[in-house]
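Data first, discussion second: the structure below is written as C-alpha cells.
Chains as they are written, first to last, in the working numbering: chain A, 568 to 834; chain B, 65 to 408.
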C-alpha cells in the first residue's frame, strides 16, 4: 500500500464523520472516491493531507505516518488540488504555478533551472503557456482551476489528490483535466486519488472506485463492480439504469425520474 | 518583467529616500544647504579630514537634532509600511492596517496612563511614556491572541473580532483617563497621541533600531511563505507552509514594529494602510519586492510629512495630523477608484 488510512476516526467539533475508517491505494493507482453529499469524502481528503487532525487512527504514506513528517516533506510527495478559492491578489499565472516549487526550495536558494523547467512543463501540460503572463484575477473559474492543477503539478508530487476538481469546469475542460490526469497516471506513474461528484466521469477514468456512505466504505473495486443499480439506489437513494459507455466500456449511469415511484426508495 | 520592475522601484525609491533625508535635514529655522549637510556627514566618518567651513551650530543642529529626527521618521515609516503590508497579506485584505489588532490603541492607552499617572516615574534611557506605550501595545495584542486562539490554532476571523473589541475598549479607557485627569495631562496626552517626532535623539534611535531590524528581518525572511498564504490557509498548508507558525511570526513582528513606532512617535495613521496599497499597485503582490519597496516608500512619506509638519507653521504641527489631513482624502480617493473600476 502506498497510501493507507488505518482505523481513522475524524470529524469536526467532536462529531465524528469518519468512524474507524480504513482504506488504501497502491502506487500508480488511479482511485476515485464517490458518494452523496455528507458521506465523508472531503473529510477523508482533509485527513489525508493533514488538513484535519484525526482523533484516532493513522494516515500512512510510503510507510511513514504523515503527521510525523514536516509539512514541507509531505508537500514534496503529495500535492492537493482543493476546490477553487477566490484569489484577490494580482499574481500572474506563472507566479502562482511557480509557488508549487515552494516545498523544494531551500531557504535562501534561488530558483534553479530544474525549478523553471518544472513550472514550464506544468503549464504546458495544462495548456496555460499562452496565458502565462495574465493576472489570475482576470481568468474564468475554469482557467483558475487549471492554474491550481498546474501549481500542483509543479510540485512534482508522487501522489496527486484532487478534491472535486471538475466542479467549476465546463464539459470540454472537465474532459481535458481528466484526460491529463489519466495520461500522467499512465505515462509517469503518478498516483491519483480524486474525489469526483460525477459518477460517470469517475467510472470512465478511474481504475478503482471507492463508494462511501455515511462515513463508511460501502463498496470498493473496479468501476463495473461498484457502479451497479442496486449500489446506486442504496447509497444515493436514486433509481438509475446502468449501461455501458460506447467507447470506454465503463459503466454509465442514466438517471431516472423519481416521480410515481416513492415506494421504491429503500434507504 | 515583474522582477525587473520590482528591483527598479526599490532602487529608485532608495535613492529618493537618501536625497529626501539630506534635504529634510536641511529644513528648519536654520537652513542647511544639501552640500553642506553632506560635508558635515562626511566629516564624521573616521579617517576623513575636512576643514570645517560651516558654522559649528549648523553641525550640532544637523547631527544632534535634525538627523536623529529624520532617521526616526524613516524608521517609523519603514516599520508601519512593512507591518501594514504583512497584515494585508495575513488577512488577505489589501486594506488592512497595522493597528487592526488593537496594538495602536493599546499603545495609546499605555502612553496615556504614563502621562496621567506615572509622570514622576523615571525609566532610564528611553523615557516613561515610550516604555509604557510599548508595553501597552504588546499587552493589547497578547490579550487579542489569547481571546482568539482555539487550542494551538488561531483563526483569522477571531483575531479580527478580538482586535476590534480590544481596540475599542482601549480607546474608551483613554477617554476615561482624559475625562478624569487635569488639564495639563489632558493636553499632553492629546498632543502625544497626534503623533510627533519632536523629542528624537540618537539614544531613542538606538532603542528603536533593534526592534525595527528584527521585525522587518523576520518578515522579509518569510516572503515566499507570505506569498503562499495569499492563496488561502489550506493551499499554503498543501504547499508545506507551517501556517500557524507563520501567523505567529507575522503577529509578533507586526506588533513589535507597530508598538515601537507608536511608543516613540505617537499614532500616525494611513501610512501602514495607504503605502502598501500604492506600492502593490507598482510592484505587484509578491512580498519579495512588496515588503522592501513598501518600507522605503513609507520612509519617504513619513519624512516628507514630518518636514511639512515642522516647516509650515511657526509652531510644530503633529505629524499624525499632517498624515490625517493629507492621507485621509488620498485614501478616500483610492477607495473610490477601487470601488468603481468600470469608470476608469
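For glycine and all other residues, C-beta sits at the position ideal for the given N, C-alpha and C.
Helix, strand or coil at residue i [DSSP, three-state]
i                     : result
residue 101 (chain B) : helix
residue 812 (chain A) : coil
residue 222 (chain B) : helix
residue 311 (chain B) : helix
residue 587 (chain A) : strand
residue 675 (chain A) : coil
residue 331 (chain B) : coil
residue 403 (chain B) : helix
residue 254 (chain B) : helix
residue 84 (chain B)  : helix
residue 187 (chain B) : coil
residue 370 (chain B) : helix
residue 775 (chain A) : strand
residue 94 (chain B)  : coil
residue 217 (chain B) : strand
residue 247 (chain B) : helix
residue 802 (chain A) : helix
residue 269 (chain B) : helix
residue 75 (chain B)  : helix
residue 398 (chain B) : helix
residue 121 (chain B) : helix
C-beta atoms of residue i and residue j nearer than 7 Å
i                     : j                     : result
residue 306 (chain B) : residue 638 (chain A) : yes
residue 230 (chain B) : residue 208 (chain B) : yes
residue 317 (chain B) : residue 282 (chain B) : yes
residue 256 (chain B) : residue 201 (chain B) : no
residue 363 (chain B) : residue 383 (chain B) : no
residue 766 (chain A) : residue 626 (chain A) : no
residue 786 (chain A) : residue 598 (chain A) : no
residue 94 (chain B)  : residue 323 (chain B) : no
residue 701 (chain A) : residue 660 (chain A) : yes
residue 197 (chain B) : residue 171 (chain B) : yes
residue 352 (chain B) : residue 287 (chain B) : yes
residue 809 (chain A) : residue 792 (chain A) : no
residue 268 (chain B) : residue 195 (chain B) : no
residue 366 (chain B) : residue 163 (chain B) : no
residue 347 (chain B) : residue 70 (chain B)  : yes
Beta-bridge pairing of residue i - partner residues as DSSP gives them
i                     : result
residue 579 (chain A) : A:582
residue 210 (chain B) : DSSP output for residue 210 (chain B) lists no bridge partner at all.
residue 573 (chain A) : A:625
residue 608 (chain A) : For residue 608 (chain A), which the question treats as bridged, DSSP gives no partner whatsoever.
residue 780 (chain A) : A:783
residue 730 (chain A) : A:762
residue 702 (chain A) : A:659
residue 592 (chain A) : A:570
residue 632 (chain A) : A:627
residue 326 (chain B) : Per DSSP, none; premise fails for residue 326 (chain B).
residue 807 (chain A) : A:822
Bounding residues of the alpha helix (DSSP H) (the contiguous stretch that carries residue i)
i                     : result
residue 126 (chain B) : Where residue 126 (chain B) is concerned, there is no enclosing alpha helix (DSSP H), given that its DSSP letter is neither H nor E.
residue 65 (chain B)  : No alpha helix (DSSP H) holds residue 65 (chain B); DSSP gives it neither H nor E.
residue 740 (chain A) : 738-755
residue 155 (chain B) : That residue, residue 155 (chain B), is in no alpha helix (DSSP H); it is neither H nor E in DSSP.
residue 291 (chain B) : 287-293
residue 690 (chain A) : 680-692
residue 712 (chain A) : 708-721
residue 297 (chain B) : 297-302
residue 173 (chain B) : 167-181
Enclosing beta strand (DSSP E) for residue i [first to last residue]
i                     : result
residue 826 (chain A) : From DSSP, residue 826 (chain A) is part of no beta strand (DSSP E); its letter is neither H nor E.
residue 788 (chain A) : 783-788
residue 760 (chain A) : 758-762
residue 648 (chain A) : 645-648
residue 599 (chain A) : 597-601
residue 818 (chain A) : 818-822
Notebook entry, point to check: Quick one: any contact between the segment 337-349 of chain B and the segment 174-191 of chain B, if contact means 3 or more CB pairs under 8 Å?
Noted result: no
Q) Would you say the segment 130-137 of chain B touches the segment 80-90 of chain B, given that touching needs at least three Cβ pairs under 8 Å? A) yes
**Asked** Would you call the segment 719-730 of chain A and the segment 664-681 of chain A touching, i.e. three or more CB-CB distances under 8 Å?
**Response** yes
Contact the segment 678-685 of chain A vs the segment 733-753 of chain A: 3+ CB pairs below 8 Å: no
Contact between the segment 66-80 of chain B and the segment 343-359 of chain B is defined here as three or more beta-carbon pairs at a separation below 8 Å; is this criterion met?
yes
Check your understanding: Within the chosen definition, does the segment 668-678 of chain A reach the segment 320-335 of chain B through at least 3 CB pairs nearer than 8 Å?
Key -> no
Would the segment 221-228 of chain B and the segment 146-166 of chain B be scored as touching if the rule is three or more Cβ pairs under 8 Å?
yes
Review point. Is the segment 572-579 of chain A in contact with the segment 738-751 of chain A, if contact means three or more CB pairs nearer than 8 Å?
Key: no
Touch check for the segment 573-593 of chain A and the segment 688-706 of chain A: three-plus C-beta pairs under 8 Å? no
Measuring CB atoms only, is the segment 753-768 of chain A touching the segment 587-595 of chain A, in the sense that at least three cross pairs come out at less than 8 Å?
yes
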